[in-house]
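Asker: Got a structure here, written out as structure tokens. Questions coming.
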Amino acid sequence: NSDYLKKAEAVAQHHDAVSGTSKQHVADDYAERLYIGRTQCKSLIGSVLGNLMEKNSSVPAPTPEFCDYLNVSVCPITENSPEFTVTAYNPLARAVTTIVRIPVNFNYAVTGPSGKPVTSQLQDVSMGTKEVRRSHGNASKELIFPITVPQLGFSNYVLKVLQKGEAKTSILPKVYKPQS
Amino acid sequence: DEVIENQFLSLTFDGSTGLLKSMTDKRTKSSIAVSQSFHWYESSTGTFLFSQASGAYIFRPTHPTPKPLFDGTSVGMTVIKGPVVTEVRQQFQPWLSQVIRLYPNKEFAEFEWTVGPIPYKDGIGREIITRFDTDLKTNSTFYTDANGRQMLKRILNHRADWVYVNSDPTSGNYYPINSRAYIKDDTKQLTVLTDRSLGGSSLKDGSLEIMVQRRTQHDDSRGVGEPLNETGQFGDGIIVRGKHSVLFTSVATAAAAHRTLGEEIFMAPSLSFSKWQPDWA
Chain H
1 NSDYLKKAEA
11 VAQHHDAVSG
21 TSKQHVADDY
31 AERLYIGRTQ
41 CKSLIGSVLG
51 NLMEKNSSVP
61 APTPEFCDYL
71 NVSVCPITEN
81 SPEFTVTAYN
91 PLARAVTTIV
101 RIPVNFNYAV
111 TGPSGKPVTS
121 QLQDVSMGTK
131 EVRRSHGNAS
141 KELIFPITVP
151 QLGFSNYVLK
161 VLQKGEAKTS
171 ILPKVYKPQS
Chain U
1001 DEVIENQFLS
1011 LTFDGSTGLL
1021 KSMTDKRTKS
1031 SIAVSQSFHW
1041 YESSTGTFLF
1051 SQASGAYIFR
1061 PTHPTPKPLF
1071 DGTSVGMTVI
1081 KGPVVTEVRQ
1091 QFQPWLSQVI
1101 RLYPNKEFAE
1111 FEWTVGPIPY
1121 KDGIGREIIT
1131 RFDTDLKTNS
1141 TFYTDANGRQ
1151 MLKRILNHRA
1161 DWVYVNSDPT
1171 SGNYYPINSR
1181 AYIKDDTKQL
1191 TVLTDRSLGG
1201 SSLKDGSLEI
1211 MVQRRTQHDD
1221 SRGVGEPLNE
1231 TGQFGDGIIV
1241 RGKHSVLFTS
1251 VATAAAAHRT
1261 LGEEIFMAPS
1271 LSFSKWQPDW
1281 A
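Protein sequences, first through last, are from chains H and U. With the numbering used here as the guide, the letters of the first sequence map in order to residues 1 to 180. With the numbering used here as the guide, the letters of the second sequence map in order to residues 1001 to 1281.
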């Protein structure tokens, strides 16, 4: 089934999918085909990443899961887990440093690929985001931190919930609400 | 006035309205006055002389001047300043908000807009744009990409390869924006990179507008047979969120900046998650 996405993409080359001029039920069908193909691809990519990670570890690596709705701060794993690993894969042929935004409900210590702590920023999810996601997701906060990923490779960042008294690497931002 | 800045950019916001007021390139110390806000075109349902309605195929506004979505008082600005990101949250309408972000060591400003559900109960089609109004002297010229590759020069009310007939002053000047568009004068350039294919134009000097979402209530009689009105899972319309990455640079450094950034947006790292602690050794 690993070529389903290829076929779904091919179907979506029809002119009404490219231009957005299909009837709504046809657009829904295009979306469903792409979703099925994407789900299979994610499973395949997850297996590959899991195998690659296992080579570097004495601990068996599970298959990583993807979160489609990170843009609205929804990710069941990060919202509810005291410990988890973020794996970033970089498809570019050069190293990239970027910022990631993870939906959480607690404060976490972030450890980078070299084992060193990474500075992060913990802030409230905006009201707009809460409205957008409607009934999905329960994260009240976002943890924001920089990641660096090598060319055509991956980096693991480990997040562990902070216990009382533990040194914080995350910094709470200052919030200003100017009076109009 | 409120200022947010990083090593490359400084953005000044009007303290009373909360709107963006100016951008400064800190390397060249050059500035532009820039106001960014949202507007909407009312979709035409056709006129006595020409029955063409705005719909899935056709963009035809009733009036060439869009209506503002900023009420003229305040966008209810909240500023959050931290070590990883500085952001300004703006609320234009109950269904329209935006977050403007600056990251350390990044040349661009990120404008994340959230639009929808677009009101529809009054029976009026709405086509929402974001617009950057600057003091750049652009001489009726702007640039859009051809599928993320060559940047093509566009001139208002003009085509290089056929006689231009001005059938609609607004949509007749709209072009596809697949990855980026820019306006510039002799020394300064404002580039907007999109995260999806959109349409846009520069209808007056120094201005760059990009349509972010449309909800029409009439079929345009071009074959689709229904209005462009996606009602979504909850039946009241969809909510759309997207990002524009905005560069303000010298003309000389703009191409290197937007080519590099465009690549990073198009092939961004993919994130996956596991409940697992790897062995560092």
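Idealized CB from N, CA, C, for every residue including glycine. Only a predicted model underlies this, so the values are computations on that prediction, with no experimental measurement involved.
(1) Do residue 95 of chain H and residue 148 of chain H come within 8 angstroms of each other at the CB atom, strictly closer than that value?
(2) Here's a check: name, in chain order, each residue in its chain whose Cβ is nearer than 7 angstroms to the Cβ of residue 155 of chain H, leaving out the five neighbours to either side.
(3) Select from the stretch 1186-1220 of chain U all residues with a C-beta closer than 8 angstroms to any C-beta belonging to chain H, and list them in chain order.
(4) Express the C-alpha separation of residue 1103 of chain U and residue 172 of chain H in angstroms, rounding to a whole number.
(5) When DSSP builds the beta bridges, which residues end up paired with residue 1199 of chain U?
(6) Helix or strand or just coil, what does DSSP make of residue 1281 of chain U?
(7) Quick one: is residue 130 of chain H near chain U, going by C-beta distance under 8 angstroms?
(8) What is the rounded straight-line gap between the Cα of residue 1134 of chain U and the Cα of residue 1266 of chain U?
(9) Secondary structure at residue 1049 of chain U, three-state DSSP: helix, strand or coil?
(10) Return helix, strand or coil for residue 88 of chain H, following the three-state DSSP convention.
(11) Please return the same chain residues whose Cβ sits closer than 8 angstroms to the Cβ of residue 93 of chain H, not counting the five positions on each side in sequence.
(12) Could you pull out every residue in the same chain whose Cβ sits closer than 8 angstroms to the Cβ of residue 1033 of chain U, ignoring the five residues on either side in sequence?
(13) Going by other Cβ atoms of all chains shown within 10 Å of its Cβ, with 16 needed for buried, is residue 1184 of chain U buried or exposed?
(14) Following the continuous beta strand (DSSP E) through residue 1017 of chain U, name the residue where it begins and the one where it ends.
(15) Quick one: residues in its chain with C-beta nearer than 8 angstroms to the C-beta of residue 1281 of chain U, no 5 flanking neighbours on either side, listed in chain order?
(16) Residues of the stretch 52-66 of chain H with a CB closer than 9 angstroms to any CB of chain U: list them in chain order, please.
(17) When DSSP labels each residue in this structure, what does residue 1151 of chain U get in the three-state scheme?
(18) Which residues in chain U have a C-beta closer than 9 angstroms to the C-beta of residue 182 of chain H? List them in chain order.
(19) Buried or exposed: which applies to residue 1222 of chain U, given that a residue is buried once 16 or more other Cβ atoms fall within 10 Å of its Cβ?
(20) For the beta strand (DSSP E) containing residue 1098 of chain U, list its first residue and its last residue.
(21) Between residue 196 of chain H and residue 19 of chain H, which are expected to be in contact by the criterion C-beta below 8 angstroms, what is the C-beta distance as a whole number of angstroms?
(22) Give the DSSP-derived three-state secondary structure of residue 1091 of chain U in the structure shown.
(23) Mind checking residue 1273 of chain U: buried by the 16 CB within 10 Å criterion, or exposed?
(24) Inspect the beta-carbon positions of residue 1226 of chain U and residue 163 of chain H and report whether they are closer than 8 angstroms.
Answerer: Quick look at the numbers:
(1) The sequence position of residue 148 of chain H within the first sequence is 148, counting from 1. The sequence position of residue 95 of chain H within the first sequence is 95, counting from 1. In contact: residue 148 of chain H and residue 95 of chain H (Cβ atoms closer than 8 angstroms).
(2) Working through the first sequence from its first residue, we reach residue 155 of chain H at position 155. Counting only Cβ-Cβ distances below 7 angstroms, and skipping sequence neighbours, we find 88, 113, 147, 148 and 149.
(3) none
(4) Here the question's residue 172 of chain H lines up with position 172 in the first sequence. Here the question's residue 1103 of chain U lines up with position 103 in the second sequence. Those two C-alpha atoms are separated by around 16 angstroms.
(5) The count along the second sequence starts at 1 and reaches residue 1199 of chain U at position 199. DSSP, once it has assigned bridges, lists U:1176 and U:1211 as partnering residue 1199 of chain U.
(6) Along the second sequence, one-based indexing puts residue 1281 of chain U at 281. With a pLDDT of only 40 at residue 1281 of chain U, under the threshold of 50, the placement of this residue in the model should not be trusted; the figure read from the coordinates follows. Correct three-state label for residue 1281 of chain U: coil.
(7) Start at 1 with the first residue of the first sequence, and residue 130 of chain H comes out as number 130. No - not a single Cβ of chain U is within 8 angstroms of the one on residue 130 of chain H.
(8) Counted from its first residue, the second sequence places residue 1134 of chain U at position 134. Counted from its first residue, the second sequence places residue 1266 of chain U at position 266. Their backbone Cα atoms lie some 27 angstroms apart in a straight line.
(9) Position 49 of the second sequence, counted from the start, is the residue given in the question as residue 1049 of chain U. Of the three classes helix, strand and coil, the one that applies to residue 1049 of chain U here is coil, per DSSP.
(10) The residue given as residue 88 of chain H occupies position 88 in the first sequence. In the structure shown, residue 88 of chain H sits in a strand (DSSP, three-state: E or B).
(11) Along the first sequence, one-based indexing puts residue 93 of chain H at 93. Hits under 8 angstroms: 151 and 152.
(12) Taking the first residue of the second sequence as position 1, residue 1033 of chain U is located at position 33. Closer than 8 angstroms at the Cβ level, and outside the excluded window around residue 1033 of chain U, lie 1021, 1022, 1134 and 1135.
(13) Here residue 1184 of chain U refers to the residue found at position 184 of the second sequence. Label assigned to residue 1184 of chain U: buried.
(14) Residue 1017 of chain U sits at position 17 when you count from the first residue of the second sequence. First-last for residue 1017 of chain U: undefined, no H or E at that position.
(15) Position 281 of the second sequence, counted from the first residue, corresponds to residue 1281 of chain U. Model confidence at residue 1281 of chain U stands at a pLDDT of 40, short of 50, so the residue's coordinates are unreliable; what they give is reported in the following sentence. None.
(16) 53, 56, 57, 58, 59, 60, 61, 62, 63, 64, 65 and 66
(17) Residue numbering aside, residue 1151 of chain U sits at position 151 when the second sequence is read from its first letter. If DSSP states are grouped into helix, strand and coil, residue 1151 of chain U belongs with the strands.
(18) Outside the displayed span of chain H (1 to 180) sits residue 182 of chain H, for which this structure offers no information.
(19) Working through the second sequence from its first residue, we reach residue 1222 of chain U at position 222. Residue 1222 of chain U is exposed by the Cβ-count criterion.
(20) Taking the first residue of the second sequence as 1, we reach residue 1098 of chain U at position 98. Here the beta strand (DSSP E) through residue 1098 of chain U covers 1096-1102.
(21) Past the boundaries of the shown model lies residue 196 of chain H; chain H is included only from 1 to 180, so the question cannot be answered.
(22) Here residue 1091 of chain U refers to the residue found at position 91 of the second sequence. In the structure shown, residue 1091 of chain U sits in a strand (DSSP, three-state: E or B).
(23) Reading the second sequence from its first residue, position 273 is the one you call residue 1273 of chain U. Flag for residue 1273 of chain U reads buried.
(24) As a first step, residue 1226 of chain U must be located in the second sequence, where it is residue number 226. As a first step, residue 163 of chain H must be located in the first sequence, where it is residue number 163. Result no, Cβ atoms of residue 1226 of chain U and residue 163 of chain H do not sit closer than 8 angstroms.
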